[in-house]
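Below: the structure, in structure tokens.
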Amino acid sequence: YIDDGITVALDTPETTGLIARAAQAVAMALFLIFRPLAKAMEAINRPDILSVRKMLAEGGLCEVVTFLGWLINTRLLTVALPEEKYIAYSNQIQECLAARRISGETLKSLVGRLNHVCFVIPDGR
Numbered sequence: 171y172i173d174d175g176i177t178v179a180l181d182t183p184e185t186t187g188l189i190a191r192a193a194q195a196v197a198m199a200l201f202l203i204f205r206p207l208a209k210a211m212e213a214i215n216r217p218d219i220l221s222v223r224k225m226l227a228e229g230g231l232c233e234v235v236t237f238l239g240w241l242i243n244t245r246l247l248t249v250a251l252p253e254e255k256y257i258a259y260s261n262q263i264q265e266c267l268a269a270r271r272i273s274g275e276t277l278k279s280l281v282g283r284l285n286h287v288c289f290v291i292p293d294g295r
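The sequence shown begins at 171 in the working numbering and counts up one residue at a time.
Written as structure tokens, this is what we have:
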């Protein structure tokens with residue numbers, strides 16, 4: 171399944187009619203990009219490309235959303251780590267700085283986390 175998608179729409183009095191359409195944008199895009207299923211005529215039984223259940227549960231429009239591990243606030247125009255990730259990342263950095271030695275796996279984990287943070291701070295690499 172492809173079940174992570176995000177829609178951004180400007181909510182003003184002039185765009186009120188577009189908001190309902192924007193809520194369906196991810197599902198529509200997926201169904202337009204991928205070939206339709208012929209259900210009973212398919213040689214191989216394939217599930218739908220979209221998990222409708224998950225999209226209905228998580229795909230609503232909102233101003234603040236955690237998407238792919240980032241807390242996105244469209245009202246304040248900010249992108250941040252969620253609090254629990256911030257704490258976990260900070261703790262791991264402090265533990266690595268305090269230790270005399272760290273394992274290769276711990277170092278790989280730390281580098282991976284720092285690379286994740288650098289997606290929103292490109293000059294941090």
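In this text, a Cβ means the ideal position worked out from N, Cα and C, and glycines have one as well.
Buried or exposed by the 16-neighbour rule on C-beta atoms within 10 Å, applied to residue i
i, result
"MET198", "exposed"
"LEU220", "buried"
"LEU251", "buried"
Per-residue DSSP class, three states only, for residue i
i, result
"ILE242", "strand"
"PHE204", "coil"
"LEU188", "helix"
"ALA210", "helix"
Bridge partner(s) assigned by DSSP for residue i
i, result
"LEU226", "In the DSSP output, where bridge partners are listed per residue, LEU226 has none listed."
Give a yes or no on contact between the region 284-294 and the region 236-254, applying the rule of three or more CB pairs nearer than 8 Å.
yes
On the three-pair Cβ rule with 8 Å, is the region 185-197 touching the region 223-233?
yes
At which residue ranges does the region 230-294 contain complete beta strand (DSSP E) runs of 3 or more residues, listed in the order of the chain?
234-237, 240-243 and 248-250
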